[in-house]
Amino acid sequence: MRTVSLSDLNRRPGEIVDMALAAPLVLTKHGRQAVVMMSAEAYNSLVSGRADAVSQSPSATDAKKQASGFLARQAAKTAAQDGD
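In the numbering used here, the protein residues as written are 8 to 91.
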């Protein structure tokens with residue numbers, strides 16, 4: 008990702024914004040990453056993708072139930088094999 012200092016942003020705001028519209032960039036302050044600048048379209052895509060991923064992921068309770076069911080099935084298989 009391209010990096011630009013906040014000082015450069017102050018000197019060339021139009022150019023830097025045009026760069027951010029083309030691809031996300033990192034703004035640095037005192038040589039350290041401070042802010043990511045990107046187009047609204049890129050941001051909205053990023054946020055909606057995260058929301059979709061969260062809404063499609065199982066809740067912690069569902070995950071625990073699935074894990075408990077799996078462990079119970081594995082224990083039953085082991086018990087059946089031990090009984091043979």
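Cβ coordinates follow ideal geometry from the N, Cα and C atoms, glycine included.
The structure presented is a predicted model; accordingly, all values stated were derived computationally and were not measured.
By the C-beta density criterion, Ala-79 is exposed, having fewer than 16 other C-beta atoms within 10 angstroms.
Classified as buried, Ala-27 has 16 or more neighbouring CB atoms from the shown chains inside 10 Å of its CB. Secondary structure of Arg-80 (DSSP, three-state): helix.
In chain order, Ala-27 and Pro-31 place their CB closer than 7 Å to the CB of Met-45, counting only its own chain and leaving out the 5 sequence neighbours on each side. A distance below 6 Å between beta-carbons, with the five flanking residues on each side excluded, links Gln-40 to the following residues of its chain, in chain order: Val-33.
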